[in-house]
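Trainee: Sequential numbering of the sequence shown, starting at 1113, is according to our numbering.
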Amino acid sequence: MNITNQTALITGATRGIGRALTDQLIAGGARIIAVGRDRDRLAALTADHGDRVVPHHADLADPAAVDALLDAVTGRHPDLTIVINNAAVQAHTDFLAGDAHRARPVARREIAVNLDAVVAICAGLLPRLRQRPAAAIINLTTGLAMAPKRAAPVYCATKAGVRTFTRALRYQCEQGAPHVRVCEAMMPLVDTDMTRGRGTGKISASAAARAVLDGLRRDRAEIYVGKARLLPALMRVTPSLGYRMLRNG
Ligand SMILES: NC(=O)c1ccc[n+]([C@@H]2O[C@H](COP(=O)([O-])OP(=O)(O)OC[C@H]3O[C@@H](n4cnc5c(N)ncnc54)[C@H](OP(=O)(O)O)[C@@H]3O)[C@@H](O)[C@H]2O)c1
């Protein structure tokens, strides 16, 4: 898909990979509907990019805010052609630590942002996207969707959910709306706030964004970025090794 003159909605556009995607899409000639929680960072985006960015403040953990976002986008942006579900949160939760009062609301929030909102945004915007001659949905996942890590059971489960949802939605579009590409972009470890203080061999957010947009330009259904490219083969050939390698991440 050609990026020039497209209108793209990006969730979590204010930081990390989402911010890099925003900058690179704008550099490629797109306009961005930027969704984030942090008003100062949204303001910084518009200061940097002017009218190439339409900021939308929303806490995606709140279903009412997601509904309001969908109403605003369907009402005001009939030219929407690209949706990138990038926003996510990752909590490290020990379910044996006995702190159920903390674990439950944190888990609900992760499920709401990482999975619920992704499904709602796809469902809400697909009718609009399918009216366009060509459109794309890109959902960001992680290798942890294939082989979870011990420390973040809910994050891994939500990303496995997004991976499966994305594939099944792609089947529907291939049949009923083949001009709408439904794509999964699987990230390796990327140097962002989400991974601060842990992991080695990270790639930059700009390198990750470049790989995602390269996959979009080439109409790839599955974009495996950096080391994530090795994972599908590893999980086919020796899943036990794959599970071992990722469990302590
Ligand atoms: N970093 C990695 O190593 C890595 C690896 C695999 C997959 N991924 C995936 O890549 C994507 C981006 O990750 P990242 O590392 O760039 O994350 P990040 O640096 O932590 O940024 C997260 C973004 O999501 C937004 N966000 C979080 N909660 C939100 C909420 N409730 N409502 C609205 N926006 C919310 C944040 O907005 P505010 O600024 O407003 O808070 C921020 O823009 C995620 O889907 C993640 O799972 C990342």
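The beta-carbon is built from N, C-alpha and C at its ideal position, and this holds for glycine as well. Because the structure is a prediction, the values reported are computed rather than measured.
Which of the three DSSP states, helix, strand or coil, is assigned to threonine 1158?
Mentor: Here the question's residue 1158 lines up with position 46 in the sequence shown. Correct three-state label for threonine 1158: helix.
Trainee: Would you mind working out which of Ala1246, Leu1238, Ala1263, Asn1251 sits nearest aspartate 1183, comparing C-alpha positions?
Mentor: Walking along the sequence shown from the start, residue 1183 turns up at place 71. Aspartate 1183 has its Cα closest to that of Leu1238, out of Ala1246, Leu1238, Ala1263, Asn1251.
Trainee: Please find out if some non-hydrogen atom of ligand 1 comes closer than 7 Å to the beta-carbon of isoleucine 1115.
Mentor: As a first step, residue 1115 must be located in the sequence shown, where it is residue number 3. For ligand 1, not one heavy atom lies less than 7 Å from the Cβ of isoleucine 1115.
Trainee: If we define contact as Cβ-Cβ less than 8 Å, is arginine 1279 a contact residue for chain C?
Mentor: Given the protein chain composition of this structure (a single chain), no chain C is represented.
Trainee: I want to check one thing, is the minimum distance from the CB of glycine 1354 to the heavy atoms of ligand 1 below 7 Å?
Mentor: As a working mapping, residue 1354 is identified with position 242 in the sequence shown. Answer for glycine 1354: no, Cβ out of range of ligand 1.
Trainee: Can you tell which of Val1266, Ala1199, Arg1310, Pro1290 has the C-alpha that lies nearest to the C-alpha of proline 1217?
Mentor: Position 105 of the sequence shown, counted from the start, is the residue given in the question as residue 1217. When each option's Cα is compared against that of proline 1217, the closest is Val1266.
Trainee: Restricting to runs no shorter than 3 residues, where is the beta strand (DSSP E) found entirely within the segment 1296-1359?
Mentor: Runs found: 1334-1336.
Trainee: Are there 16 or more other CB atoms within 10 angstroms of the CB of glutamate 1286, so buried, or fewer, so exposed?
Mentor: Start at 1 with the first residue of the sequence shown, and residue 1286 comes out as number 174. With fewer than 16 Cβ atoms within 10 Å of its Cβ, glutamate 1286 is classed as exposed.
Trainee: Under 8 Å between the Cβ atoms of valine 1324 and isoleucine 1233?
Mentor: By 1-based counting over the sequence shown, the position of residue 1324 is 212. By 1-based counting over the sequence shown, the position of residue 1233 is 121. Their beta carbons are not under 8 Å apart, which means valine 1324 does not touch isoleucine 1233 by this criterion.
Trainee: Per DSSP, glycine 1148 forms a beta bridge with which residues?
Mentor: As a working note, residue 1148 is residue 36 in the sequence shown. His1169.
Trainee: Taking 7 Å as the cut-off, is the C-beta of glycine 1140 nearer than that to any heavy atom in ligand 1?
Mentor: As a working note, residue 1140 is residue 28 in the sequence shown. No, the Cβ of glycine 1140 stays beyond 7 Å of every heavy atom of ligand 1.
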